[in-house]
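Here is the structure we will look at, set down as structure tokens.
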Amino acid sequence: MQNYKQMVSQRYIIPVIDTVELARILLPQAPGYKLGQLAEFFSFMHDNPHRAFSDALATAELLNTLLSKMNGLPYETLSHLLDFEPMLKSDLALLLQTRMDELAFVEDTESDVEIFRGIALRKLETADSDESKDVSVSFGEMLDLLYEEPNGIKRYLPNFESRQGQREMSELVFDAFQSQTHGLVEAETGTGKSLAYLIPAIYHAVSTRKRVVISTHLTQLQTQLLEKEIPLLTQSLPFPFEVALLKGKQHYLSLKRFEAELNNKDYDNYDLTLTKAILLVWLTETKTGDLDEIQLPTSGKQFLLKVSTEAERVLDQSSPWYSRSFYQRARIKAQKANIIITNHSLLCTDMTNESYLLPAYQYAILDEAHHLESTASKHFGAKLDYFSIQYLLKQIHVSGQEATWLDKASSAHHSLSDILRKFEWERLWNDAMNETDDLFRTIFTMIDQLKKQVAINDIGRFQYRLDHVDTNVDNWTTVNDMAMRLSFQLRDMIHVLLEGKKQIQDQPYIDETLEDFSYYVERIQLIIDELEFFFLTSDPLQVKWVEIEAFGARNAVFLYSEPVDVSSLLWHHFFEEKKSVILTSATLTMKQSFDFMKKRIGLSNQNVMEKKIQSPYAYEKQVQVMVPKDFPSVQYGKTEDYILSVCEAIYSMAEITEGRMLVLFTSYDMLKKSYQLLREMNDENHFVLIAQGISSGSRSRLKKNFQLNDRAILLGTSSFWEGVDIPGNDLSCLFIVRLPFQPPDHPSYEAKAEFLKSEGKNPFMDLALPNAVIRFKQGFGRLIRSSTDRGIVFICDDRIMKTKYGKYFVESIPSVPISYSSTFDLLQKAEEWL
Numbered sequence: 017m018q019n020y021k022q023m024v025s026q027r028y029i030i031p032v033i034d035t036v037e038l039a040r041i042l043l044p045q046a047p048g049y050k051l052g053q054l055a056e057f058f059s060f061m062h063d064n065p066h067r068a069f070s071d072a073l074a075t076a077e078l079l080n081t082l083l084s085k086m087n088g089l090p091y092e093t094l095s096h097l098l099d100f101e102p103m104l105k106s107d108l109a110l111l112l113q114t115r116m117d118e119l120a121f122v123e124d125t126e127s128d129v130e131i132f133r134g135i136a137l138r139k140l141e142t143a144d145s146d147e148s149k150d151v152s153v154s155f156g157e158m159l160d161l162l163y164e165e166p167n168g169i170k171r172y173l174p175n176f177e178s179r180q181g182q183r184e185m186s187e188l189v190f191d192a193f194q195s196q197t198h199g200l201v202e203a204e205t206g207t208g209k210s211l212a213y214l215i216p217a218i219y220h221a222v223s224t225r226k227r228v229v230i231s232t233h234l235t236q237l238q239t240q241l242l243e244k245e246i247p248l249l250t251q252s253l254p255f256p257f258e259v260a261l262l263k264g265k266q267h268y269l270s271l272k273r274f275e276a277e278l279n280n281k282d283y284d285n286y287d288l289t290l291t292k293a294i295l296l297v298w299l300t301e302t303k304t305g306d307l308d309e310i311q312l313p314t315s316g317k318q319f320l321l322k323v324s325t326e327a328e329r330v331l332d333q334s335s336p337w338y339s340r341s342f343y344q345r346a347r348i349k350a351q352k353a354n355i356i357i358t359n360h361s362l363l364c365t366d367m368t369n370e371s372y373l374l375p376a377y378q379y380a381i382l383d384e385a386h387h388l389e390s391t392a393s394k395h396f397g398a399k400l401d402y403f404s405i406q407y408l409l410k411q412i413h414v415s416g417q418e419a420t421w422l423d424k425a426s427s428a429h430h431s432l433s434d435i436l437r438k439f440e441w442e443r444l445w446n447d448a449m450n451e452t453d454d455l456f457r458t459i460f461t462m463i464d465q466l467k468k469q470v471a472i473n474d475i476g477r478f479q480y481r482l483d484h485v486d487t488n489v490d491n492w493t494t495v496n497d498m499a500m501r502l503s504f505q506l507r508d509m510i511h512v513l514l515e516g517k518k519q520i521q522d523q524p525y526i527d528e529t530l531e532d533f534s535y536y537v538e539r540i541q542l543i544i545d546e547l548e549f550f551f552l553t554s555d556p557l558q559v560k561w562v563e564i565e566a567f568g569a570r571n572a573v574f575l576y577s578e579p580v581d582v583s584s585l586l587w588h589h590f591f592e593e594k595k596s597v598i599l600t601s602a603t604l605t606m607k608q609s610f611d612f613m614k615k616r617i618g619l620s621n622q623n624v625m626e627k628k629i630q631s632p633y634a635y636e637k638q639v640q641v642m643v644p645k646d647f648p649s650v651q652y653g654k655t656e657d658y659i660l661s662v663c664e665a666i667y668s669m670a671e672i673t674e675g676r677m678l679v680l681f682t683s684y685d686m687l688k689k690s691y692q693l694l695r696e697m698n699d700e701n702h703f704v705l706i707a708q709g710i711s712s713g714s715r716s717r718l719k720k721n722f723q724l725n726d727r728a729i730l731l732g733t734s735s736f737w738e739g740v741d742i743p744g745n746d747l748s749c750l751f752i753v754r755l756p757f758q759p760p761d762h763p764s765y766e767a768k769a770e771f772l773k774s775e776g777k778n779p780f781m782d783l784a785l786p787n788a789v790i791r792f793k794q795g796f797g798r799l800i801r802s803s804t805d806r807g808i809v810f811i812c813d814d815r816i817m818k819t820k821y822g823k824y825f826v827e828s829i830p831s832v833p834i835s836y837s838s839t840f841d842l843l844q845k846a847e848e849w850l
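Residue numbers (the numbering used here): 17 to 850.
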């Protein structure tokens, strides 16, 4: 990289500054780094994007802003950046050194940054007061004040309109907490359910001094609660309250680990250097240390595995970093808070963890609760793959340039070197690496030979259930033998590590090395347990399956397991232990009934409160549902004809709506084929085509690009069926290509279906159909996000009209006009209606 910079500098005899690189470093929390995104972020004038003059003006403004930001950084941060400068694309040495010279003799007493061990950090906030104030109003009086009085929410949100459904939901949550009963509330779009459950949760927590946990599935909803609803209620409620956000350890930066990595510059590449530079600047800004706040280069995400709190092992109170630990601060804040906001993943981990991750609680509200079963299934199951084992083994010891903790420890302690030699550590390590590679290559070859018999999922992986494998065939006997051999080799490695730890544990200044020994012994033992679980044990209540990348490396193998039924597990580990849990979502019922959801999560035999809150929106006036009756049937080998009909309808409708269309697929393969066909139809580029998995960027980035372009068509699958809000005129038409039934040959679905059949139940009616209906309702909800939205839902699958089970879909959404006719007639009607 340095040679490249010298070549460019010599050729043009001017320094080079890459504004994208500089923006990534100096603006770690920016929403994106394209010129248009940064111009919008800073409100620059940029009227003609991609026009040379306008781009030049915007770039000049951006550069001035970046240089101003750089000049505001503390001396210590600039010094670290100067160390990294040779590895960067931009020639920043002169600018950095000049600013450091200016700061050398200046003491900034007003700064909101402190310097600790050579790293600049945002100053810690003073601890919140532990004083609690009594609630002097009844719950009913408080609702009147908030919803009806001018000095309530309306004072801070003038356009706020009190909704009957919102108040009903608040009262139900309060009643459930008071009577210590579990409850299910389906609150349709527009109810305002976040405020509806926050108000009784806060009232209950403050008045009883019993904390309430609020769990969401998506971080997007957590952000909304913390940045929108909580500040509004802080202003509106007649008493103070405390809220804390708590995530898993992997989400927080470990300053202890980061300091160690910051001082290790021997083997940095460009992405690693850029990541360290970004983190250094971010540390002068962040209050939380939450790594989700920043965007990092792809390989930088691997670096986070080394510097997250999860990699910290145990942070002893004697550590100089203990008082500044972001994770510890988050935990302490959670202990003092009335309301703890977390996610379903940490909630489920807390259920199964021996040491509690969340502070003790008896009351909880789960938003996006339709995800509870799937999240619990993952946490009550297991996962193992080639890459995670290889990564762990390489962390322990790599024969090559990079020195690991074990190399450094053995260099410092001769007795440890002697132990490693005595037990032939090098041979053991190499054997484990080779055995891991051989094991997963053998599994890959075996599944690869069965391709015609196995399912392929929507991200291009072949899947095969392990209990379908003929365990008597030579290949599988070999796999079992290899797994057992690897398990023994890993046990031998643990033995050596424990002997090595014993040799040095009485020596001074080695606390961190001892922590490393304990951590890696624990990690290796987990892999041994998983190997034995997947290959050497049998459990009829767990479904195990293997996935391989269709076009991946020959060892790209992933092993998964899930319980076939989590209902009893959730009851015993969660609901039975809590006094009151409220589950809410826009999609909890099928055909107006909660029975399916209650069965799946373990509440079918319990006395629970149930409430369905109708949407205040006038769906019958805002939405037209259209179903074509002349599409080819995809069930009779006419998939290509079906895709052609879908694409012709999409393109014709796009001409009517001027783009502004979201197309939801159930299959990534069908999405790719449709995208290619639409590209051919769009040869004159009338529309901007944006496709998940094809267009670069995250889901939120694709959504943002869709909204920035006037005539855009967005194609999505899986995650686009929910959690994507595109209100107003940006979205006029929603295309649902197929009813969202889960593939019947997915290993997890297949095993659950067999389990239900063994209990005398109907897998289609008790599993496939309810899951599809709830998914369909999520997709349907993407269109209308406000009382002024208006649009068309075009459903390309006429099973919704022709089959007996079609009524379950129709009767599970709001009452709307449905047209069932030829595509030509529907397009005419759409043009007239819009």
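Yeah, the Cβ is synthetic: ideal placement off N, Cα and C, and Gly gets one too.
Could you tell me the distance, in whole angstroms, from the CA atom of residue 312 to the CA atom of residue 291?
-> As a first step, residue 312 is located in the sequence shown; it is residue number 296 there, counting from the start. As a first step, residue 291 is located in the sequence shown; it is residue number 275 there, counting from the start. Each residue's alpha carbon lies about 6 Å from the other.
Min CB distance residue 754 to chain B below 8 Å | Of the chains in the structure shown, none is chain B; there is only one protein chain.
Proximity of residue 362 and residue 226 at Cβ, strictly below 8 Å = Looking up residue 362 in the sequence shown gives position 346. Looking up residue 226 in the sequence shown gives position 210. No, Cβ-Cβ distance for residue 362 and residue 226 is not below 8 Å.
Say whether the stretch 614-633 touches the stretch 839-850, bearing in mind that this needs 3 or more beta-carbon pairs closer than 8 Å, one atom from each stretch.
-> These segments do not touch.
Three-state secondary structure assigned by DSSP to residue 701 = As a working mapping, residue 701 is identified with position 685 in the sequence shown. Coil, per DSSP.
Could you check which residue in 279, 286 and 295 has the C-alpha nearest to that of residue 268?
-> As a working note, residue 268 is residue 252 in the sequence shown. Residue 268 has its Cα closest to that of 295, out of 279, 286 and 295.
Does the Cβ of residue 122 have 16 or more other Cβ atoms within 10 Å, making it buried, or fewer, making it exposed?
-> Counting from 1 along the sequence shown, the entry for residue 122 is found at position 106. That one is exposed.
Inside the stretch 788-850 only - beta strand (DSSP E) runs reaching at least 3 residues = Secondary structure remark: continuous beta strand (DSSP E) runs of at least 3 residues inside the stretch 788-850, in chain order: 807-811 and 834-837.
Do residue 11 and residue 42 have their C-beta atoms within less than 8 Å of each other?
-> Lying outside 17 to 850, the shown extent of the chain, residue 11 is not represented and no answer is given.
Between the CA atoms of residue 613 and residue 781 - distance to the nearest angstrom | Indexing the sequence shown from 1 puts residue 781 at position 765. Indexing the sequence shown from 1 puts residue 613 at position 597. Spanning the two alpha carbons is a distance of roughly 13 Å.
Taking DSSP as the reference, what is the three-state secondary structure of residue 316?
-> The residue given as residue 316 occupies position 300 in the sequence shown. Correct three-state label for residue 316: helix.
Of the choices 821, 537 and 540, whose alpha-carbon is the least far from that of residue 784?
-> Taking the sequence shown and counting its residues from 1, one reaches residue 784 at position 768. Checked all of 821, 537 and 540; the closest Cα to residue 784 is 821.
At 3 residues or longer, and completely inside the stretch 397-457: list those beta strand (DSSP E) runs for me, N to C.
-> Within the stretch 397-457, the complete beta strand (DSSP E) runs of at least 3 residues are 398-401.
Expressed to the nearest angstrom, what Euclidean distance is found between the alpha-carbon atoms of residue 595 and residue 618?
-> Stepping through the sequence shown from its first residue, residue 595 is reached at position 579. Stepping through the sequence shown from its first residue, residue 618 is reached at position 602. Cα to Cα, residue 595 sits roughly 15 Å from residue 618.
Coil, strand or helix - residue 163 by DSSP = Residue numbering aside, residue 163 sits at position 147 when the sequence shown is read from its first letter. Helix at residue 163.
Residue 445 versus residue 278 - alpha carbon distance = Here residue 445 refers to the residue found at position 429 when the sequence shown is read from its first residue. Here residue 278 refers to the residue found at position 262 when the sequence shown is read from its first residue. Put simply, the backbone Cα of residue 445 is about 28 Å away from that of residue 278.
Contact between the stretch 765-774 and the stretch 569-576: three or more CB pairs below 8 Å?
-> By the Cβ rule, the stretch 765-774 does not count as touching the stretch 569-576, because fewer than three pairs are nearer than 8 Å.
Cut-off 7 Å between Cβ atoms - residues of its own chain near residue 415, not counting five sequence neighbours on either side = Here residue 415 is taken as the residue at index 399 of the sequence shown, counted from 1. Note on residue 415: pLDDT 45, under 50, position unreliable in the model; the coordinate value appears next. Nothing meets the Cβ criterion.
If you draw a straight line from the alpha carbon of residue 405 to that of residue 810, how long is it in whole angstroms?
-> On the sequence shown, position 389 is the one that residue 405 refers to. On the sequence shown, position 794 is the one that residue 810 refers to. Cα to Cα, the separation comes out at about 46 Å.
What span of residues does the alpha helix (DSSP H) with residue 59 cover, start to end?
-> The residue labelled residue 59 in the question sits at position 43 within the sequence shown. DSSP places residue 59 in no alpha helix (DSSP H); its state is neither H nor E.
Does the beta-carbon of residue 452 have 16 or more other beta-carbons within 10 angstroms, so that it is buried, or is it exposed?
-> Here the question's residue 452 lines up with position 436 in the sequence shown. By the 10 Å Cβ count, residue 452 comes out buried.
Does DSSP put residue 555 in a helix, in a strand, or in coil?
-> Counted from its first residue, the sequence shown places residue 555 at position 539. Residue state, collapsed to three classes: coil.
Straight-line Cα distance separating residue 641 from residue 677 | Counting from one through the sequence shown, the residue named residue 677 turns up at place 661. Counting from one through the sequence shown, the residue named residue 641 turns up at place 625. Taking the straight line from one Cα to the other gives about 14 Å.
Might you give, ordered along the chain, the residues of its own chain that have their beta carbon closer than 6 Å to the beta carbon of residue 401, omitting 5 neighbours on each side?
-> Taking the sequence shown and counting its residues from 1, the one referred to as residue 401 is at position 385. For residue 401, where only same-chain residues beyond five positions count, the Cβ hits under 6 Å are 574.
Residue 779 - DSSP class collapsed to helix/strand/coil = Locating residue 779 in the sequence shown gives position 763, counting from the first residue. Helix, per DSSP.
Residues that DSSP places opposite residue 132 in a beta bridge = Against the sequence shown, residue 132 aligns to sequence position 116. The secondary-structure analysis by DSSP pairs residue 132 across a beta bridge with 135.
Short Cβ contact (8 Å threshold) for residue 203 with residue 212 = Taking the first residue of the sequence shown as position 1, residue 203 is located at position 187. Taking the first residue of the sequence shown as position 1, residue 212 is located at position 196. Cβ atoms of residue 203 and residue 212: closer than 8 Å.
Buried or exposed: residue 800, going by 16 or more other Cβ atoms within 10 Å of its Cβ?
-> For the purposes of this step, residue 800 is taken as residue 784 along the sequence shown, with counting starting at 1. A residue is called buried once 16 or more other Cβ atoms fall within 10 Å of its Cβ, and residue 800 is buried on that count.
Cβ neighbours of residue 723 in the same chain (closer than 8 Å, five flanking residues each side left out) | Looking up residue 723 in the sequence shown gives position 707. Cβ neighbours of residue 723 within its own chain (closer than 8 Å, five residues either side excluded): 742 and 746.
What residue range is occupied by the uninterrupted alpha helix (DSSP H) comprising residue 583?
-> Locating residue 583 in the sequence shown gives position 567, counting from the first residue. Per DSSP, residue 583 belongs to the alpha helix (DSSP H) from 583-589.
Simplified DSSP assignment, three categories, for residue 49 | Reading the sequence shown from its first residue, position 33 is the one you call residue 49. Coil, per DSSP.
For residue 77, the residue or residues it bridges with in DSSP = Reading the sequence shown from its first residue, position 61 is the one you call residue 77. Residue 77 pairs with nothing; no bridge assigned.
Can at least three beta-carbon pairs, one atom from the stretch 323-341 and one from the stretch 233-241, be found at a separation below 8 Å?
-> Taking a contact to require three or more Cβ pairs closer than 8 Å, the stretch 323-341 and the stretch 233-241 do not qualify as touching.
For residue 647, name the three-state secondary structure that DSSP assigns.
-> Residue 647 sits at position 631 when you count from the first residue of the sequence shown. Correct three-state label for residue 647: coil.
Have a look at the DSSP bridge pairing and note the partners of residue 480.
-> Position 464 of the sequence shown, counting from 1, holds the residue named residue 480. Paired residues: 562.
For the stretch 566-635, list the alpha helix (DSSP H) runs that are entirely contained and at least 4 residues long, ordered along the chain.
-> The alpha helix (DSSP H) runs lying completely inside the stretch 566-635 and spanning 4 residues or more are 583-589 and 611-617, given in chain order.
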